[in-house]
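Below: one structure, written as structure tokens.
Number of protein chains: 2
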Amino acid sequence: MARVTQADVARAAGTSMAVVSYVVNGGPRPVAEGTRLRVLAAIQETGYRPDGVARALVGGSTMTLGLIVPDIANEFFAELAGAVEHAARAAKRTVLLANSEGDAETELGLLETFLQRRIDGVVLISKVPVTAARLLELAGTRRVFLGAAAAGESSIGVDNFGGAVAATIHLVGHGYGPVAMIGGPAQDGVAEARRAGWLHALTSLGAADDVDFVHQPFTVDGGYAGALELLARRPRAIFTASDRQAIGLLRAAADKGLSVPDDLAIATFDGSAASAYAVPSLTTVQQPIAQMAELAVQQLTHPDPQPLQAVLDVGLVVRRSCGCS
Amino acid sequence: MARVTQADVARAAGTSMAVVSYVVNGGPRPVAEGTRLRVLAAIQETGYRPDGVARALVGGSTMTLGLIVPDIANEFFAELAGAVEHAARAAKRTVLLANSEGDAETELGLLETFLQRRIDGVVLISKVPVTAARLLELAGTRRVFLGAAAAGESSIGVDNFGGAVAATIHLVGHGYGPVAMIGGPAQDGVAEARRAGWLHALTSLGAADDVDFVHQPFTVDGGYAGALELLARRPRAIFTASDRQAIGLLRAAADKGLSVPDDLAIATFDGSAASAYAVPSLTTVQQPIAQMAELAVQQLTHPDPQPLQAVLDVGLVVRRSCGCS
DNA sequence: TTGAAAGCGCTAACAG
DNA sequence: CTGTTAGCGCTTTCAA
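These protein sequence lines are chains A and B, in that order.
According to this note's numbering, the first sequence is numbered sequentially starting from 27.
According to this note's numbering, the second sequence is numbered sequentially starting from 27.
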């Protein structure tokens with residue numbers, strides 16, 4: 027039961043391997059209809075399946091894209107991965123998935139593995155965008171960064187500043203007074219932009235006096251820990267830098283016997299499915315995940331690569347946690 | 027800046043391609059220490075990176091595993107994917123990820139793609155295990171089914187029946203009277219086992235009179251819809267067949283103004299991270315995700331394949347939703 | 001211990 | 001329109 031090859035098909039069809047190749051690929055040379063039919067029949071009969079490995083070796087493309095996320099178990103990245111896989115499939119590509127665990131070494135090791143596999147391109151959320159970019163450039167591999175990126179590199183991001191401004195203004199509009207914030211890690215560019223937006227909104231509204239802010243990782247536990255710090259000062263409203271953190275905040279509020287939104291109003295950032303399913307549902311800044319994924323795949327598969335620095339718009343999805351209705 | 031090949035390294039080291047191969051792979055022939063050092067230096071100098079594609083073509087193995095899940099955005103599958111990737115990485119394998127969207131056609135198409143890519147093996151949650159098994163057997167590709175599997179096929183599952191029994195008994199133990207259930211799809215084997223466990227527990231406890239059951243998909247919306255049906259009859263306790271459904275049930279309870287666990291007690295199945303983060307936290311039957319992933323990868327990479335039909339133990343994780351303090 | 005050479009399965013010139 | 005053939009980069013006999 028050895029592998030059926032093109033030669034087997036050629037033999038069965040009484041023709042040459044080249045013709046079989048032409049038929050399978052619809053080119054580059056034309057094939058007489060009769061011959062084509064015979065080849066097709068032979069393919070059926072033999073159960074021939076083209077060998078992608080051999081194809082990649084000669085042709086160049088592996089029709090495979092790599093995706094590196096910090097943690098696939100994080101709902102936001104899981105949705106993103108789903109969207110990327112979906113877009114890749116539509117473009118006839120397959121995706122290699124890997125978790126960097128937010129670790130630079132791991133990330134670089136993963137990239138190395140991907141390069142050995144000769145992937146056509148990679149989508150990545152990188153901890154070390156400059157190093158990663160250099161490695162990929164050297165290997166001549168296409169890439170698109172989501173979030174942090176080195177200068178000149180193709181990247182897709184969202185308007186973190188604007189989103190944070192919108193969420194904060196909305197919260198202030200409810201008349202809760204000062205809005206506290208549970209932000210992301212201190213060195214993170216994305217986190218920083220969200221913080222800046224929050225601060226800008228408060229400042230321009232003249233509500234920036236005596237506000238509280240804490241740095242926390244983008245996790246449920248981070249949100250919980252941040253909440254514990256902040257709640258001591260009894261804020262009436264909190265903006266969190268990610269949905270995961272908001273989930274943690276919700277839990278902390280429950281543990282403290284605080285009712286959301288009656289005692290504490292919340293707005294957050296991401297718009298993952300979890301934000302809709304939380305109780306109460308979370309008012310959040312929605313990231314256009316599908317659009318990001320499609321753009322990324324397009325960028326990596328487009329025949330002639332054009333650098334791209336996209337900053338996508340975000341929208342505020344108003345739900346229950348902020349106190350509306 | 028063409029690709030650096032083994033021939034380039036050989037030239038730089040003043041030796042033959044064969045020797046470079048021996049050094050890179052540590053065999054199959056020994057190499058004199060001096061030569062080895064020269065080759066290593068040449069590799070550094072040239073920036074050589076072995077070509078996995080060529081390697082796979084000649085050698086056989088692609089060092090790649092496939093993973094097919096119905097929906098990566100589902101928290102449970104996302105955690106599973108993370109665990110599989112982790113285990114695969116430890117075994118020096120990379121994983122190709124794909125969503126079948128719970129659709130048989132899509133699943134088979136994905137398998138076809140994987141087969142073309144010559145993956146070494148595949149882990150799958152299958153809608154059509156018999157057909158899938160036949161296809162893979164024909165291609166001589168190793169596989170392990172998670173959940174539903176055809177007879178004789180390697181599979182890894184959990185004690186769905188026992189877990190459901192434990193959860194139900196626990197709920198009954200609180201003295202809530204009849205325990206209703208939001209089950210999975212009607213034709214699903216896993217769902218059926220959980221239902222059977224629930225029913226068995228109630229029957230043996232003599233509490234099976236007049237109980238309510240509804241079929242629903244394993245989704246948040248399914249849980250919500252099921253809740254709407256069930257809540258009309260004011261059950262005091264509900265067992266759901268999955269965490270996702272429980273999240274939906276929680277939301278429905280909130281919408282109805284029901285307090286959990288005071289007005290309604292809940293126990294569920296899966297033990298995804300979401301169950302811990304929900305408010306109130308969910309009492310749930312914990313699936314050993316990491317263990318399942320490790321077993322699966324082991325099964326696919328073990329030098330000599332032994333059929334495996336594993337049914338792993340599950341544990342009840344008691345949290346707030348059932349009414350325990 | 002090292003090297004030459006035969007493929008792995010396929011694509012794409014290049015001839016016919 | 002069809003067939004022959006030269007590689008793609010690597011591993012591994014088989015000889016030296």
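Quick reminder that beta carbons are idealized off the backbone N, C-alpha and C, glycines included.
The structure displayed is predicted, hence computed values, not measured ones.
Query	Result
From the DSSP output, in three-state form, read off ILE151(B) for me.	coil
Taking LEU123(A) and GLU111(B) to be in contact with their CB atoms under 8 angstroms, please state how far apart those CB atoms are, rounded to whole angstroms.	6 angstroms
Report the residue from HIS328(A), ARG277(A), VAL286(A) and ALA267(A) whose alpha carbon sits nearest the alpha carbon of SER298(A).	ALA267(A)
With 9 angstroms set as the bound, which would you pick, yes or no: does the beta-carbon of GLU71(B) sit closer than that to a beta-carbon of chain A?	no
Helix, strand or coil for VAL205(A)? Go by DSSP, reduced to three states.	strand
Just to confirm the assignment: which complete beta strand (DSSP E) runs, minimum length 3, are found wholly within the stretch 108 to 178 of chain A?	120 to 125, 147 to 150 and 168 to 172
Quick one: what does DSSP say PHE45(A) is sitting in, helix, strand or coil?	The sequence as given places Val at residue 45(A); Phe does not occur at that position. Of the three classes helix, strand and coil, the one that applies to VAL45(A) here is helix, per DSSP.
Return the CA-CA distance between THR132(B) and VAL154(B), expressed in angstroms with no decimal places.	11 angstroms
List, in chain order, every chain B residue whose beta-carbon is nearer than 8 angstroms to that of HIS112(A).	ASN125
Tell me which same chain residues have a C-beta within less than 6 angstroms of the C-beta of MET318(A), skipping the five on either side of it?	ILE182
Grab the span of the beta strand (DSSP E) containing ALA291(B) for me, first residue to last.	291 to 296
Would you mind telling me which residues of chain A sit closer than 8 angstroms to ARG55(B), beta carbon to beta carbon, in chain order?	The contacting residues do not exist; ARG55(B) stays about 23 angstroms from chain A at best.
Output, in sequence order along the chain, the residues in the stretch 303 to 314 of chain B whose CB is closer than 9 angstroms to any CB in chain A.	TYR303, ALA304, VAL305, PRO306 and SER307
Could you give the DSSP three-state label for SER181(B): helix, strand or coil?	strand
Pick from VAL30(A), GLU127(A) and LEU141(A): whose alpha carbon is nearest that of THR72(A)?	VAL30(A)
I need the straight-line Cα distance from ASP296(B) to LEU172(B), nearest angstrom please.	14 angstroms
Looking only at its chain, what residues have a beta carbon closer than 7 angstroms to the beta carbon of VAL50(B), apart from the 5 residues adjacent to it on each side?	PRO76
Just the Cα atoms here: how many angstroms apart are GLN70(A) and THR61(A)?	14 angstroms
What span of residues does the beta strand (DSSP E) with HIS241(B) cover, start to end?	239 to 241
Please list the partners that PRO76(A) has in chain B, where partner means a Cβ-to-Cβ separation under 7 angstroms.	GLN142
Three-state secondary structure (DSSP) at GLN332(B)?	coil
Evaluate the contact criterion for the stretch 236 to 246 of chain B versus the stretch 161 to 178 of chain B: three or more CB pairs, one atom per stretch, below 8 angstroms.	no
Could you check how far apart the C-beta atoms of LEU91(A) and VAL149(A) are, in whole angstroms? I think they sit under 8 angstroms.	7 angstroms
In angstroms, rounded to a whole number, what distance separates the CA positions of LYS118(B) and GLN325(B)?	14 angstroms
Grab the span of the alpha helix (DSSP H) containing ALA192(A) for me, first residue to last.	186 to 199
Short of 7 angstroms in beta carbon distance, which residues of its chain neighbour ALA258(B), apart from the five on each side in sequence? Order them along the chain.	none
Counting pairs of Cβ atoms below 8 angstroms between the stretch 215 to 230 of chain A and the stretch 178 to 197 of chain A, do you hit three or more?	yes
Less than 9 angstroms between CB atoms is the rule here; does LEU122(B) satisfy it with respect to chain A?	yes
Cβ of ALA299(B) less than 9 angstroms from any chain A Cβ?	yes
Give me the chain A residues within the contact set of ILE98(B), using Cβ-Cβ distance strictly less than 9 angstroms, ordered along the chain.	ILE98, ALA104, GLU105, ALA107, GLY108, GLU111 and LEU123
Can you give me, in chain order, the residues of the stretch 76 to 90 of chain B that have a beta carbon less than 8 angstroms from any beta carbon in chain A?	PRO76, ASP77, GLY78, VAL79, ALA80, ALA82, LEU83, THR88 and THR90
Quick check: is the beta carbon of ILE273(A) nearer than 9 angstroms to any beta carbon in chain B?	yes
Roughly how many whole angstroms lie between the Cα atoms of ILE208(A) and CYS350(B)?	31 angstroms
Anything in chain B within Cβ reach of ALA280(A), meaning under 8 angstroms, just list it in chain order.	VAL305 and PRO306
With GLN317(B) as the anchor, note down where its alpha helix (DSSP H) starts and where it stops.	315 to 327
Are the C-beta of LEU326(A) and some C-beta of chain B separated by less than 9 angstroms?	no
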